[in-house]
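Numbering (the UniProt record's numbering) for the sequence shown: 1 to 924.
Just below is one structure, and these are the notes that go with it.
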Amino acid sequence: METKILFSSFLLLLLAFSASAQMPGFVSLDCGGKQNFTDELGLVWTSDDDLIYGEKAIISVANETRKQYMTLRHFPADSRKYCYTLGVISRTRYLLRATFLYGNFDNNNVYPKFDISVGATHWSTIVISDANTIESIELIFLASSPTISVCLSNATTGQPFISTLELRQFNGSIYYTEYENQFYLSVSARINFGADSEDPVRYPDDPFDRIWESDSVKKANYLVDVASGTEKVSTHMPIDVSIDEMPPQKVMQNAVVGTSGTLTYRLNLDGFPGFGWAVTYFAEIEDLKPTESRKFRLVLPGHPDMSKAVVNIQENAHGKYRLYQPGYPNISLPFVLSFRFGKTSDSTKGPLLNAMEINKYLEKNDGSSDAEVIASVISLYASADWAQEGGDPCLPVPWSWLQCNSDERPRIVKISLSSKNLTGNIPSDLLKLNGLVELWLDRNSLTGSIPDFTGCRDLEIIHLENNQLTGELPSSLLNLPNLRELYVQNNLLSGTVPSGLLNDKIVLNYSGNLNLREGGRRGKRIDIIIGSSVGAAVLGIATIVSCLFIRRGRRSPNQEQLRVRPPVQRLVSTFNDTPAEGAYCFKFFEIEDATKKFEKKIGSGGFGVVYYGKMKDGKEIAVKVLTSNSYQGKREFSNEVTLLSRIHHRNLVQFLGFCQEEGKSMLVYEFMHNGTLKEHLYGPLTRGRSINWIKRLEIAEDAAKGIEYLHTGCVPAIIHRDLKTSNILLDKNMRAKVSDFGLSKLAVDGASHVSSIVRGTVGYLDPEYYISQQLTDKSDVYSFGVILLELVSGQEAISNESFGVNCRNIVQWAKMHIESGDIQGIIDPSLHDEYDIQSMWKIAEKALMCVQPHGHMRPSISEVLKEIQDAILIEREAVTVREGNSDDMSKNSVHSSLNLGPLQLGGTENYLSLDESVARPTAR
1 METKILFSSF LLLLLAFSAS AQMPGFVSLD CGGKQNFTDE LGLVWTSDDD LIYGEKAIIS
61 VANETRKQYM TLRHFPADSR KYCYTLGVIS RTRYLLRATF LYGNFDNNNV YPKFDISVGA
121 THWSTIVISD ANTIESIELI FLASSPTISV CLSNATTGQP FISTLELRQF NGSIYYTEYE
181 NQFYLSVSAR INFGADSEDP VRYPDDPFDR IWESDSVKKA NYLVDVASGT EKVSTHMPID
241 VSIDEMPPQK VMQNAVVGTS GTLTYRLNLD GFPGFGWAVT YFAEIEDLKP TESRKFRLVL
301 PGHPDMSKAV VNIQENAHGK YRLYQPGYPN ISLPFVLSFR FGKTSDSTKG PLLNAMEINK
361 YLEKNDGSSD AEVIASVISL YASADWAQEG GDPCLPVPWS WLQCNSDERP RIVKISLSSK
421 NLTGNIPSDL LKLNGLVELW LDRNSLTGSI PDFTGCRDLE IIHLENNQLT GELPSSLLNL
481 PNLRELYVQN NLLSGTVPSG LLNDKIVLNY SGNLNLREGG RRGKRIDIII GSSVGAAVLG
541 IATIVSCLFI RRGRRSPNQE QLRVRPPVQR LVSTFNDTPA EGAYCFKFFE IEDATKKFEK
601 KIGSGGFGVV YYGKMKDGKE IAVKVLTSNS YQGKREFSNE VTLLSRIHHR NLVQFLGFCQ
661 EEGKSMLVYE FMHNGTLKEH LYGPLTRGRS INWIKRLEIA EDAAKGIEYL HTGCVPAIIH
721 RDLKTSNILL DKNMRAKVSD FGLSKLAVDG ASHVSSIVRG TVGYLDPEYY ISQQLTDKSD
781 VYSFGVILLE LVSGQEAISN ESFGVNCRNI VQWAKMHIES GDIQGIIDPS LHDEYDIQSM
841 WKIAEKALMC VQPHGHMRPS ISEVLKEIQD AILIEREAVT VREGNSDDMS KNSVHSSLNL
901 GPLQLGGTEN YLSLDESVAR PTAR
């Protein structure tokens with residue numbers, strides 16, 4: 001049984017691994033590597049070859065020659081967490097960096113998505129969207145203990161994996177904040193402006209091995225909207241960077257200047273909206289004449305207060321070639337940040353910018369309230385595999401041998417250490433787990449007496465059988481009011497059983513203890529398992545006792561009480577030409593009566609005509625009548641009946657039944673009162689009542705949930721194959737449901753794709769599917785990306801008029817605008833600016849990912865759904881601010897677009913007010 005348990009990994013790396021040639025406190029872990037080596041930068045990489053958990057994989061990615069990216073370590077996609085534990089120095093600040101290069105190591109082209117946490121704190125969700133691109137995340141933290149654990153868990157798709165794990169020790173007060181005991185800093189942007197190449201600046205140019213990304217790197221919506229007249233300047237003169245965060249000289253020797261008087265940029269901030277730490281780095285590196293000056297302001301549209309502070313680099317830095325780093329230690333930033341530096345009227349030179357850092361505050365999770373107690377328990381068995389799992393015992397997922405409750409600070413409710421070769425006395429610290437409900441220590445070699453469990457008043461089940469315990473069965477067990485199972489058989493116990501344990505509420509087994517007896521009680525029937533003896537008589541007694549348990553409804557002594565989720569509904573049949581037996585078969589006269597002889601036509605399509613009907617019980621229905629009697633038409637009819645009779649979800653149109661009489665084939669659905677999404681976006685229903693942005697997002701969320709169910713909730717998965725706005729229907733409450741499964745296909749036999757005759761609708765059709773005739777769930781994702789673009793723009797997927805010369809396709813048109821930073825060029829004018837620009841950007845960018853030319857580059861529908869839900873949260877808070885229509889509300893909103901305000905992390909003495917932070921940027 002134990003071989004089925006998958007333990008998470010543990011690795012304790014001592015700082016002694018660092019080489020004397022590099023900064024002290026450097027750890028560079030080559031995950032999956034076979035041997036230690038020193039790279040071309042002089043960094044010493046350590047293999048995790050001794051790690052016994054997880055598996056190594058060798059990968060090969062074009063143009064990637066660094067040895068640390070030729071291997072990785074991956075872990076099972078199960079319910080466990082897999083941790084690396086690194087040695088640190090308490091009360092010292094560090095930079096923690098993890099990187100991930102997929103390289104299709106599993107030969108599945110299933111892009112992994114999983115969580116990474118630091119101890120009990122969720123750090124990030126890793127979403128791989130390109131097999132050949134390195135994903136990198138960084139965290140700045142103050143060590144509060146001698147170790148820190150980095151754990152992978154909660155795989156949504158694929159397997160968790162990691163390529164490198166790096167630890168860099170800082171010195172002094174670098175990156176000090178008032179909030180570092182409660183918050184980490186998650187690095188969102190670190191930019192080297194005016195860089196002479198796309199290569200980042202890092203060690204040894206930066207002695208702390210921070211990675212300064214070049215502003216020349218081209219990424220979607222990153223450092224765009226660059227003002228005309230922006231030029232690069234550089235110097236070879238040394239820069240004094242000896243204060244505060246100490247950016248490297250190589251970074252400070254470059255800059256951009258706004259020769260036309262302005263510098264403007266826009267960039268995405270990973271992890272935002274939220275509160276953050278933002279610092280800008282300036283050094284005057286141009287030789288200004290005595291008559292020249294450089295003064296400028298930070299300008300944010302809609303926030304005139306931000307332009308109060310004037311930046312005068314030479315004056316603030318006390319001279320040329322010296323660092324000046326103004327910043328805001330507690331600023332509320334949006335997902336899409338637009339900023340501008342503009343010169344003042346009395347300045348002769350335009351603004352200058354060398355570098356910028358933006359970090360988000362990531363609140364620490366205190367973790368399990370039992371963490372210290374259980375740590376002392378496992379310290380007694382430090383060499384055992386089960387004691388090496390690392391991280392918090394309960395969060396983000398519990399260790400494999402215990403269970404926790406769902407409190408805000410979880411408590412351990414079950415210990416399962418059966419057959420773990422435990423020796424010595426029962427650990428006394430177990431008695432401090434006051435939330436413990438079940439304790440399983442059976443089949444070990446424990447000695448000594450049974451301790452007093454009175455402190456664990458919630459205990460219900462105790463299993464101590466098959467050990468070498470001595471002494472008496474303590475009467476303190478009577479102090480456990482909820483005790484219902486006590487198994488102590490096959491030990492060396494002696495004395496008498498406390499009479500209070502001999503009752504109908506407790507299942508007691510004390511057999512196999514030769515010197516332990518009942519104490520002379522006779523005649524009362526009690527639930528005692530007599531134990532093992534030789535002969536048929538004992539077998540008969542055991543059978544009788546078992547029957548008593550069954551008759552009384554008692555559980556089996558060895559049966560664990562588990563809450564099992566209902567199984568995912570399984571679609572067990574494949575396509576056939578006969579409608580499914582489970583579907584209701586309407587009589588033709590019922591349909592005719594309900595539709596008043598097909599009086600009211602409410603829709604039509606390639607399948608046929610849809611009519612309105614109303615049953616005798618008042619239920620409104622929609623009847624779709626097949627117009628084609630061809631084999632293919634009948635096939636689609638049978639296909640849809642087969643599918644719809646087996647799938648049920650609140651975001652799929654409810655299928656009520658079918659009818660095949662009078663030479664007609666008909667499908668009967670619930671009636672959707674508000675028609676199709678298409679009609680509301682650019683059809684007759686748009687006149688004077690266009691749906692607003694928040695409603696469009698909610699419709700997208702509903703539709704994505706329906707598609708997610710088809711892709712992940714059905715076995716085998718279902719590929720819709722004809723997603724479009726006319727197949728998204730709206731009920732009386734404007735909630736969306738996906739319809740029309742006539743073209744849907746099953747992904748059968750576990751294959752990643754199925755061959756198929758290309759079917760679909762022009763404008764929504766996946767180009768890769770069209771070319772290869774290989775259908776995957778990513779074909780649906782492509783179609784859904786088109787729908788998202790329609791929601792943003794209010795334009796049809798195909799148009800001869802709307803998209804300009806030589807462009808009929810919404811994808812080409814939208815991509816051109818979005819990638820150039822002109823999102824306003826595609827937003828539906830009927831929205832009347834009543835939207836938050838960040839939520840709009842989120843959807844637009846995710847839509848572009850959905851319509852990537854190759855399926856493996858597209859996200860899963862689950863990833864798309866998460867982004868939609870994030871956009872809804874942003875928009876709802878923005879709506880609250882707009883409707884509140886007050887300065888106070890706008891200042892206090894974290895998520896309102898471009899809102900900058902106080903970081904309220906504690907009492908009023910611990911945060912900087914908005915007016916102070918604006919009027920007096922902190923010279924760090």
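Backbone N, C-alpha and C define an ideal beta-carbon position, used for all residues, glycine too.
Looking only at C659, E408 and G367, the smallest Cα-Cα distance to S117 is reached by G367.
DSSP lists K113 as the beta-bridge partner residues of T157. Setting aside the 5 residues that flank it on each side, Y281 is surrounded in the same chain by P247, Q325, N354 and A355, each with a C-beta closer than 6 Å to its C-beta; the list follows chain order.
V127 is the residue among L142, F141 and V127 whose C-alpha sits nearest the C-alpha of E135.
With respect to G390, T85 sits close: the two C-beta atoms are nearer than 7 Å. Counting other Cβ atoms within 10 Å of its Cβ, E55 stays below 16 and is therefore classed as exposed. Looking at the DSSP output, S28 bridges to E166.
For I137, the enclosing beta strand (DSSP E) starts and ends at E135 to L142. DSSP links C585 through a beta bridge to F658. Following the DSSP letters along the chain, one finds Q403 inside the beta strand (DSSP E) bounded by residues L402 to C404. Beyond the five residues adjoining it in sequence on each side, Y782 comes within less than 7 Å, by CB distance, of D766, C850, V851 and R858 in the same chain, given in chain order. For C83, the enclosing beta strand (DSSP E) begins and ends at Y82 to G87. A Cβ-Cβ contact shorter than 7 Å links I415 with L439. Contact between the stretch 502-516 and the stretch 477-488 is present: 3 or more CB-CB pairs across the two stretches fall below 8 Å. Under the three-state reduction of DSSP, E620 is assigned to strand. Check the Cα spacing between R517 and each of V497, D504, L501 and T46: the tightest is with V497. With respect to the 7 Å criterion, V377 and D458 are not classified as neighbours on the basis of their beta carbons. By the 16-neighbour rule on beta-carbons within 10 angstroms, L477 is buried. For I462, the enclosing beta strand (DSSP E) has its first and last residue at I461 to H463.
Our two residues, S445 and G435, have alpha carbons roughly 25 Å apart in a direct line. Per DSSP, the unbroken beta strand (DSSP E) holding I358 starts and ends at A355 to E363. The beta carbons of T259 and G350 sit about 6 Å from each other, so the pair counts as a contact at 8 Å. Pairing S400 with R80 gives a Cβ-Cβ distance under 7 Å.
Positions of the alpha helix (DSSP H) runs, each at least 4 residues long and wholly inside the stretch 663-749, are given as 677-682 and 693-708 in order along the chain. Here the alpha carbon of H817 sits roughly 6 Å from the alpha carbon of G825. Of D225, N316 and N312, the smallest CA-CA separation from I243 is found for N316. S830 has no beta-bridge partner at all, per DSSP.
Within the DSSP secondary-structure output, K349 pairs in a beta bridge with R294. Take the alpha-carbon of S345 and the one of S293: they are about 11 Å apart. Secondary structure at I591: helix, using DSSP grouped into helix, strand and coil. With a cutoff of 7 Å on beta-carbon distance, S163 and T99 are scored as near each other. About 6 Å separates the Cβ atoms of E790 and L681, confirming a contact at the 8 Å cut-off. Less than 7 Å separates the beta-carbon of F161 from that of L72. Rounded to whole angstroms, the separation of the alpha carbons of I58 and D199 is 26 Å. Beta-bridge partners assigned by DSSP to E55: H74. In this structure P481 is exposed. Its beta-carbon is surrounded by fewer than 16 other beta-carbon atoms within 10 angstroms.
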